[in-house]
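J.:
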Amino acid sequence: MDTPERTVLGKNFYVHLAGKTNDAHHDLVENLIACGQTEVQSPEESDYLLVFCPIASRVGTDISEAMDNMPGDKPAILVVMHHTFSPDHVVAPSMRQVNNPAVLLTVDVLFYERKLLKCNCNDIAWHEVQKFLRIPHSPVMTRFIDPI
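Offset between the sequence shown (1-based) and my numbering: plus 30.
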């Protein structure tokens with residue numbers, strides 16, 4: 031049996047930080063705003079949540095904690111953030127660790143210090159977010175930093 035494709039309706043999102051992102055999450059937020067999405071100041075005003083989960087210890091533990099502390103009952107996009115200086119760093123898809131039905135999309139990104147890296151992993155994540163939100167295709171995020 032085919033399941034209908036689940037997509038988020040609406041343009042208003044609320045940012046929930048489930049850990050210390052070193053402000054690297056701003057790159058993705060600013061790109062969403064540039065594509066016509068609107069950041070709001072409370073979960074109640076939002077159509078969906080944008081949950082940033084930096085990995086500090088273990089992927090499963092950090093994701094579970096992020097899900098437990100997610101505000102409200104809105105649909106969510108989970109952005110799992112892996113800190114590394116290597117743009118070639120390989121991560122297992124975090125979607126396998128997510129069992130919360132409110133999370134409709136899970137993507138993995140790589141960041142170093144205060145910025146997302148310019149890398150294939152992040153290009154794929156941005157493409158998945160655009161596709162999920164039905165944002166017309168735009169160039170890859172421009173705010174990424176070059177690898178060291």
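Just so you know, even glycine gets a beta-carbon here, dropped at the ideal spot from N, CA and C.
1. In the structure shown, what three-state DSSP assignment does Ala64 receive?
2. Using CA coordinates, which residue listed in Pro105, Val70 and Val110 is at the minimum distance from Asn152?
3. Buried or exposed for Asp103, going by 16 or more other Cβ atoms inside 10 Å?
4. Any contact between the region 56-71 and the region 90-97? By contact I mean 3 or more CB pairs, one from each, below 8 Å.
5. Mapping DSSP to helix, strand and coil, what is Met97?
6. In chain order, what residues of the same chain have a beta carbon less than 7 Å from the beta carbon of Met31, not counting five sequence neighbours either side?
7. On the DSSP bridge list, what partners appear for Cys83?
8. Report, in whole angstroms, the separation of the C-beta atoms of Val45 and Glu69, which I expect to be a contact under 8 Å.
T.: Taking the geometry as given:
1. Judged by DSSP in its simplified three-state form, Ala64 adopts helix.
2. Nearest of Pro105, Val70 and Val110 to Asn152, Cα basis: Val110.
3. A residue is called buried when at least 16 other Cβ atoms come within 10 angstroms of its Cβ; Asp103 does not meet this threshold and is exposed.
4. These segments do not touch.
5. Three-state DSSP puts Met97 in a helix.
6. Any reading at Met31 must be qualified, since the residue scores a pLDDT of 38, below 50, and its modelled position is unreliable; the value itself is stated next. Beyond the five residues adjoining it in sequence on each side, Met31 comes within less than 7 Å, by CB distance, of no other residue in the same chain.
7. Val110.
8. Contact flag correct, Cβ pair sits at about 6 Å.
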